[in-house]
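Below is one structure, written out as structure tokens; the observations come after it.
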Amino acid sequence: MKPLITAVMLFTLIAMFGTDTWAQSSAPPIRMAYLQSDIHHLALWVALEKGLFKKNGAEVEVKGVFKAGPEIMTAFAAGELDMAYVGEAPSTTAVANKAAKVVVVSQVNTEGSALVVAKKNSNINNLTDLQGKTVAVPGHSTVQDFLLRRALRNNGMAPEQVNIFVLKPPEMIGALRIGQIDAFIAWEPYPSKADTLSVGRNLATSKEMWPGHPCCVLVSDQGFINSHPEMVAAVVKSHVQATDYIHRNPDESVKIGVKYTGMDEATVRQAVQNVTYTYELSIQGEKEYVQFLSELGYIHLDNPDGFVDQFINPDILKGILSQ
Amino acid sequence: MSWKRLLPPVVLLLVWQGLSVSGVIPEYKLPSPLAVAAGLLDLIRTGMPPGHQLHVHIYYSVQRVLWGYALALLVAVPLGILMGWSKTIRNLIEPLVEMIRPVPPLAWIPIAILWFGIGSKSAAFIIFLGAFFPILLNTIGGVHSIDPVLIEAARMLNANRRFIFLKVLIPGAIPSILTGMRIGIGIGWMTLVAAEFTGVKQGYGLGYMIMTARDIQRSDEIIAGMVVIGLIGLGIDACLRLTEKQLVKWR
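Written as structure tokens, this is what we have:
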């Protein structure tokens, strides 16, 4: 009899696991997430600081500050988030692998990452010098992982010729300083911070690696769009206003960046220069992501174009821009 | 092994598969046993990240554990015997041991990275810390558990200190040392996976593999990785039990 009782107990446990009742998104506030010290997400911080969300009728609560995009996607899968500022590559991977059901509703920025090598005693002067070297990326299937592999390919190299491994961005500068790694690729302001600390110098900015490449996006849980379309619209509207604000008030925006990244003003000022803040969506850019992630074997799609149509929802943004 | 022992896991797997097929458990939260099996096959053939195959991950992880564990054995067993044997040495060292022991091995990770860099040496150091204390405490306990009558008897027979140490103390402490070794390797193996989570320069290791599967959102491969870790742990424990049986036949 004993095995039967054990089985019944386990059954109950698993059934509890399976029910989706915990994950139901409740009424506002909107549960929002972003990446730690990622200057790409400046528009979110501006919107929070300037009360733009409230002005547009949305209550936004920062539910989590994450160290890399894949972690945000896991939080979406757990039903803990409604919307987030996050990289386009991890979002694509999560949706393609059916881990999270999110939709891109606006662009956040293009460009804004850099490949950094040690300032002193580094004999790496171009991408082909990276052969046999150790390069840290913030995570597999992040925008930066993607940029590095794409740049290596464009220089006639295979990713296997370089030792690529994962290290979280806050640890990268320290690792470069003590010679544990030969290079890292990260989002701003880490490359600028490495420069102002005299630890590293840019080997290549992502603008040079892939001009105008899409980077971070504003995503929303698909269920949340269905149940609260007006809330999503209010957030997108605030995001558009915040992006315009950054272009009109660069000095004030830098101060907000300093507050949220905890970094010095010189670093943030330099970092902001390397990022292009825009809400314009790029379907073509996403198609490149999908193709390359498929080539890497990270995702497997039967209908890539159909996937992109589902993954990006430009209607909400269009509606706001036409107002 | 009787069929009754196999029954609970088989029933569990069947119920699990049934719940997955019927849609009660969503695939993205917990993949079905068959999906996990397919994920395991992917890990063996393609690897995670693609090109980094399972057997190389296992090789690196086992190697880190063996280094850390061997070091822990080399330090903890002699130290434990000395501390059990001499009260003076024990009084000298015990406060230090008791201060370091409650610190979780994982709290050492940032320091380990500073001292040993990112990678195998750091991981081995964390495993050393995890395995060291159970072995040490069990060795001391083993020496203390020896019946004083035995030592007295040896003295009566005119045995010198060296003889008592080698022929009475050490054999007498062996069962307890082996228990400590089994606990130590268990904790070492657990800490290893967590130590590899923070990133390893070599790009290989079972913990690192699971983290990568998370990055690429493959929960089937995450669970397959957990199964592999469990099976290896089971294998190591079985080996130690066998050694125990061989070494302490008199029990």
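Chains A and B supply the protein sequences, listed in that same order. Numbering of the first sequence is given in this note's numbering, commencing with residue 194 and proceeding in unit increments. Numbering of the second sequence is given in this note's numbering, commencing with residue 40 and proceeding in unit increments. Every residue, glycine too, gets a C-beta built ideally from N, C-alpha and C. Bear in mind the structure is a predicted one, so any value in this text is a computation, not a measurement.
Under DSSP, W380 of chain A forms a beta bridge with A:S306. In the DSSP assignment, D414 of chain A falls within the beta strand (DSSP E) that extends over 409-414. Residues of chain A with a Cβ closer than 9 Å to the Cβ of E66 of chain B are, in chain order, K291.
The criterion of a C-beta distance shorter than 8 Å is not satisfied by I166 of chain B and K240 of chain B.
Put simply, the CB of T436 of chain A is far from chain B, with every gap to its CB atoms at 8 Å or more.
In chain order, I449, Y453 place their CB closer than 6 Å to the CB of W238 of chain A, counting only its own chain and leaving out the 5 sequence neighbours on each side. Listed along chain A, the residues sitting closer than 7 Å to R253 of chain B by beta-carbon distance are P263, T267.
Of all residues in the segment 343-364 of chain A, only P352, E353, N356, I357, F358, V359, L360, K361, E364 come within less than 9 Å of chain B when Cβ atoms are compared, listed by chain position.
For M195 of chain B, the number of other beta carbons within 10 angstroms of its own is below 16, and it is reported as exposed.
Residues of the segment 143-167 of chain B with a Cβ closer than 7 Å to any Cβ of chain A, in chain order: G156, I157.
Taking CB atoms only, K240 of chain B has a neighbour in chain A less than 8 Å away. Here DSSP, grouped into helix, strand and coil, assigns L228 of chain A to strand. The residues V232, E235, F236, in chain order, have a CB closer than 6 Å to that of G246 of chain B in the same chain once the five nearest residues on each side in sequence are set aside.
In terms of beta-carbon proximity, T327 of chain A lines the interface with chain B, with at least one pair separated by less than 8 Å. When the beta-carbon positions are compared, L340 of chain A and M402 of chain A come within less than 8 Å of each other.
Contact annotation: the segment 419-435 of chain A touches the segment 244-252 of chain A, with at least three C-beta pairs closer than 8 Å. Neighbours of H333 of chain A in chain B, taken as residues at a C-beta separation under 7 Å, are given in chain order as P88, T251, D254, I255. Pairwise C-beta distances place the segment 216-233 of chain B in contact with the segment 169-179 of chain B, as three or more of them are shorter than 8 Å.
Using a CB distance cut-off of 8 Å, Q229 of chain A does not count as an interface residue toward chain B. Y482 of chain A is outside the set of residues whose beta carbon lies under 8 Å from a beta carbon in chain B. Of A:N467, A:L320, A:H421, A:D502, the smallest CA-CA separation from G405 of chain A is found for A:N467.
Three or more Cβ pairs drawn from the segment 346-359 of chain A and the segment 316-323 of chain A lie within less than 8 Å of each other, which places the two stretches in contact. The C-alpha of K312 of chain A lies about 55 Å from the C-alpha of L52 of chain B. For A263 of chain B, same chain residues with a beta-carbon under 7 Å away, outside a window of 5 residues either side, are V75, G78, L79, L82 in chain order. Counting C-beta atoms within 10 angstroms of its own C-beta, K206 of chain B has fewer than 16 neighbours from the protein chains shown and is therefore classed as exposed. As the crow flies, the alpha-carbon of E264 of chain A is around 30 Å from that of A459 of chain A.
Counted as a single uninterrupted DSSP element, the beta strand (DSSP E) harbouring T469 of chain A occupies residues 468-470.
Along the segment 60-85 of chain B, the positions whose C-beta sits under 9 Å from a C-beta of chain A are G62, V63, I64, P65, E66, Y67, K68, L69, T85, read in chain order. Inclusion of T251 of chain B and M138 of chain B in the CB contact set at 8 Å is not warranted, their separation being larger than that value. Listed as beta-bridge partners of I357 of chain A by DSSP are A:V328.
Under the Cβ distance rule, A270 of chain A counts among the residues neighbouring chain B, one pair being separated by less than 8 Å. Residues of chain B whose Cβ lies closer than 7 Å to the Cβ of T286 of chain A are, in chain order, I255, Q256.
Look at A368 of chain A: its C-beta is under 8 Å from a C-beta on chain B. K260 of chain A sits close to K361 of chain A, with the two beta carbons spaced by under 8 Å.
Taking I185 of chain B as the centre and dropping the five residues before and after it, the same chain places the C-beta of G211 closer than 6 Å to its C-beta, in chain order. According to the DSSP assignment, E281 of chain A belongs to the alpha helix (DSSP H) that extends over 281-289.
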